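The block underneath contains the structure these notes are about, expressed in structure tokens.
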Amino acid sequence: MGNCNASIGDVDKLRQVQRGILDKTCFTEHRALGQGGFGTVLAVTKNFGTKADRDEFHAMKRLDKDRICACDGMDVLVMGELHFMEEISEDKSKASDFLMKLECAFQDNSHLYLVQSMMEGGDALFVQNSFKDKTLPLEVARWFTACCMVGLEDLHEDHNILHRDIKEENLLIDKDGYAKLADFGMADKLVDGISHSHGGTIVYMSPESRDADSDRTQKKTHDFFAVGVMLFRMLTNKFPFQVATHDYNTVVSMHLTSQLMNDAADDKVKKNLQIEQQDELLGKGDLEKTYKLTDFMKTHIKDPEAVDLISKLLVYDEWKRIGAQDGAVEIMQHAFFKAINFHELKEKKLTSPYIPDPSSAANICRGDLDMFEQLAFDDEDKDPVLDPKLNARFVEFYYNPWHESTTKFEKSEAKQRRMSKLLSSRKDMSSRSAASSRRPTLTTKIEEGNEGGEEE
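Using the UniProt record's numbering, the first residue of the sequence shown is number 1, and each one after it goes up by one.
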């Protein structure tokens with residue numbers, strides 16, 4: 001029986017999708033939300049399903065294959081994001097309201113398309129920058145971090161996935177002020193609780209993850225370290241360390257300055273910390289060189305429980321870091337979160353201290369709409385066809401949850417093929433990065449803008 005809320009054309013389109021034919025004609029573009037180096041983000045609606053389905057807005061990433069292939073390792077990141085988002089989205093029994101899910105993914109000769117939920121509030125950094133002093137109020141920072149911890153608990157415990165790129169830009173805010181973890185391009189599967197590859201955005205990376213040549217592995221505590229950096233930045237608009245150069249050999253010995261590390265007995269550890277440069281790292285050079293990170297926080301962060309939590313997250317030895325024993329739940333039990341009822345938070349029964357302004361959210365990174373109009377879906381003549389050899393990198397780029405003829409076995413086989421290719425590609429990239437003196441393009445990302453110290 002047909003859907004009484006849909007036109008004949010909509011029903012035909014639904015049947016097309018159910019037969020496995022998913023393309024850009026299945027969506028209507030409404031406006032541009034933003035532009036990046038690899039494509040655009042568009043607000044779209046479906047051209048199939050119930051009226052409610054067709055009225056709901058989604059965010060579509062439209063990525064340029066040619067630009068992706070021109071950037072070493074970017075194709076691996078894109079395929080990684082698809083793989084892990086599919087895994088998170090597929091198992092309904094492990095559904096989480098704190099992880100971004102994938103609606104669908106498809107491609108044409110020149111572009112890749114990822115369709116996700118619309119997040120009206122933008123990301124946490126956008127929210128932070130909307131405040132006068134570019135720091136989040138304590139309650140808002142606490143709320144966003146609590147949402148992040150629930151997302152990490154679900155990601156780690158239910159899916160055995162390490163995110164590896166926790167930062168404010170990857171916390172997306174919905175219309176009710178709840179935050180979801182997004183961007184799984186750097187994620188990795190945990191095997192027996194361990195990831196053997198290295199990756200992340202450098203200013204958020206844990207000590208054990210910085211040297212691709214080291215034998216140190218990454219565990220859940222890698223993500224927890226990044227949470228400490230993120231919370232520090234939310235409350236101070238600064239990073240707790242500085243990257244003085246983009247040369248990876250120098251980045252490896254970044255200036256880590258937690259109290260535990262300052263008190264380290266190991267001379268080798270002390271040498272690597274280079275704490276004599278703290279004045280440069282903590283601002284404008286106006287701080288005494290004897291300042292410790294904890295002293296700085298006591299001056300700039302008024303909440304002692306926030307200071308205590310950050311100090312326990314930014315610990316050099318991962319086995320001494322909070323969360324090393326009992327995972328995310330250990331952090332959620334810290335006194336900093338005593339005002340948060342996590343049971344009610346998980347059921348979304350709490351009211352967020354921050355509710356996005358719809359008028360502001362509508363203009364997040366909208367960019368130049370006149371320019372985006374030149375990138376309309378029907379502008380086929382201006383879409384270059386990618387070389388077949390390069391196009392082969394994306395042969396597995398497809399996710400259609402409405403495809404009725406696809407069996408569970410076929411889905412499982414496709415996921416295994418994609419994962420095998422992903423692991424092989426990452427291994428090759430890591431080998432090339434370790435052999436090269438330049439900064440790796442896959443295993444590490446430099447935070448755009450100010451790399452350390454005070455944010456402008």
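Cβ atoms here follow ideal geometry from the backbone N, Cα and C, with glycine treated the same way. These numbers were taken from a predicted model, which means no experiment stands behind them.
One question on the structure: do residue i and residue j come within less than 8 Å of each other, judged by their Cβ atoms?
{"i": "Ile322", "j": "Ile331", "result": "yes"}
{"i": "Ile166", "j": "Ala226", "result": "yes"}
{"i": "Glu128", "j": "Glu168", "result": "Reading off the sequence, residue 128 comes out as Gln, not Glu. In contact: Gln128 and Glu168 (Cβ atoms closer than 8 Å)."}
{"i": "Arg62", "j": "His30", "result": "no"}
{"i": "Cys71", "j": "Lys46", "result": "no"}
{"i": "Glu81", "j": "Asp183", "result": "yes"}
{"i": "His163", "j": "Met118", "result": "no"}
{"i": "Lys348", "j": "Tyr178", "result": "yes"}
{"i": "Phe224", "j": "Cys147", "result": "no"}
{"i": "Leu14", "j": "Phe106", "result": "no"}
{"i": "Leu136", "j": "Asn160", "result": "no"}
{"i": "Asn391", "j": "Lys65", "result": "yes"}
{"i": "Phe336", "j": "Arg142", "result": "yes"}
Enumerate in chain order the residues of its own chain whose CB-to-CB distance from residue i is below 8 Å, with the five nearest sequence positions on each side excluded.
{"i": "Gly327", "result": "Glu153, His156, Glu157 and Lys220"}
For residue i, which beta-bridge partners are listed by DSSP?
{"i": "Val395", "result": "Its beta-bridge partners do not exist; DSSP assigns none."}
{"i": "Met60", "result": "Leu42 and Val115"}
{"i": "Gln218", "result": "Ser195"}
{"i": "Asp188", "result": "Leu162"}
{"i": "Lys180", "result": "Leu172"}
{"i": "Glu29", "result": "Val44"}
{"i": "Gly34", "result": "Val41"}
{"i": "Phe106", "result": "Tyr113"}
{"i": "Asp123", "result": "Leu172"}
{"i": "Leu99", "result": "Leu181"}
Rounded to whole angstroms, what is the Cα-Cα separation between residue i and residue j?
{"i": "Leu77", "j": "Lys94", "result": "24 Å"}
{"i": "Lys132", "j": "Asn237", "result": "12 Å"}
{"i": "Leu102", "j": "Ile355", "result": "24 Å"}
{"i": "Arg67", "j": "Met60", "result": "18 Å"}
{"i": "Ala306", "j": "Pro388", "result": "53 Å"}
{"i": "Lys134", "j": "Met234", "result": "8 Å"}
{"i": "Leu181", "j": "Lys320", "result": "25 Å"}
{"i": "Leu281", "j": "Val229", "result": "No answer about Leu281 holds up, because its pLDDT of 38 lies below 50 and its placement is not dependable."}
{"i": "Lys338", "j": "Tyr398", "result": "43 Å"}
{"i": "Glu318", "j": "Ala324", "result": "7 Å"}
{"i": "Thr40", "j": "Ser89", "result": "23 Å"}
{"i": "Asp188", "j": "Thr351", "result": "33 Å"}
{"i": "Lys312", "j": "Trp402", "result": "45 Å"}
{"i": "Arg19", "j": "Thr50", "result": "18 Å"}
{"i": "Glu86", "j": "Asp295", "result": "44 Å"}
{"i": "Glu56", "j": "Ile173", "result": "17 Å"}
{"i": "Glu139", "j": "Glu396", "result": "43 Å"}
{"i": "Asp91", "j": "Phe84", "result": "12 Å"}
{"i": "Asp12", "j": "Met74", "result": "36 Å"}
{"i": "Met100", "j": "Asn170", "result": "10 Å"}
{"i": "Phe241", "j": "Leu314", "result": "11 Å"}
{"i": "Cys104", "j": "Glu344", "result": "30 Å"}
{"i": "Phe48", "j": "Met79", "result": "26 Å"}
{"i": "Gln333", "j": "Leu42", "result": "39 Å"}
{"i": "Met149", "j": "Asp53", "result": "30 Å"}
{"i": "Ala264", "j": "Tyr316", "result": "For Ala264, the predicted model reports a pLDDT of 39, less than 50, meaning its position is unreliable; a value from the coordinates is still stated below. Computed Cα separation, rounded: 9 Å."}
{"i": "Gly193", "j": "Ser96", "result": "20 Å"}
{"i": "Met186", "j": "Gly200", "result": "6 Å"}
{"i": "Phe144", "j": "Pro353", "result": "10 Å"}
{"i": "Asn400", "j": "Val44", "result": "17 Å"}
{"i": "Asp357", "j": "Ala32", "result": "18 Å"}
{"i": "Asn109", "j": "Cys69", "result": "13 Å"}
{"i": "Thr28", "j": "Gly37", "result": "23 Å"}
{"i": "Leu202", "j": "Gly151", "result": "The residue asked about is misnamed: residue 202 is Ile in this sequence, not Leu. Distance between the alpha carbons of Ile202 and Gly151: 22 Å."}
{"i": "His255", "j": "Arg393", "result": "Confidence is the limiting factor: at His255 the pLDDT is only 39, short of 50, which leaves the residue's position unreliable, though a coordinate-based value still follows. Taking the straight line joining both Cα atoms gives about 38 Å."}
{"i": "Val329", "j": "Lys175", "result": "26 Å"}
Between residue i and the rest of its own chain, which residues show a CB-CB distance below 7 Å, the 5 nearest in sequence each way excluded?
{"i": "Met297", "result": "Val307 and Ile310"}
{"i": "Gln16", "result": "none"}
{"i": "Glu404", "result": "Gln18"}
{"i": "Leu375", "result": "For Leu375, the predicted model reports a pLDDT of 37, less than 50, meaning its position is unreliable and no value from the coordinates is stated."}
{"i": "Asp303", "result": "Leu138"}
Excluding the 5 residues preceding and the 5 following residue i in the sequence, name in chain order all residues of the same chain whose CB lies nearer than 6 Å to its CB.
{"i": "His300", "result": "Thr236"}
{"i": "His222", "result": "Ser206 and Ser209"}
{"i": "Phe232", "result": "Pro240 and Ile310"}
{"i": "Leu114", "result": "Lys61 and Ala105"}
Determine, for residue i, whether the minimum Cβ-Cβ distance to residues of chain D falls below 8 Å.
{"i": "Pro240", "result": "The chain labelled as chain D is not found in the depicted structure, where only one protein chain is given."}
| query | Taking only runs of the beta strand (DSSP E) that begin and end inside the segment 48 to 92, which ones reach a length of at least 3 residues, in chain order? | reply | The qualifying runs are 58 to 64.
| task | Only counting runs of 4 or more residues, tell me where the alpha helix (DSSP H) segments fall wholly within the segment 289 to 331, in order along the chain. | result | 293 to 300 and 304 to 313
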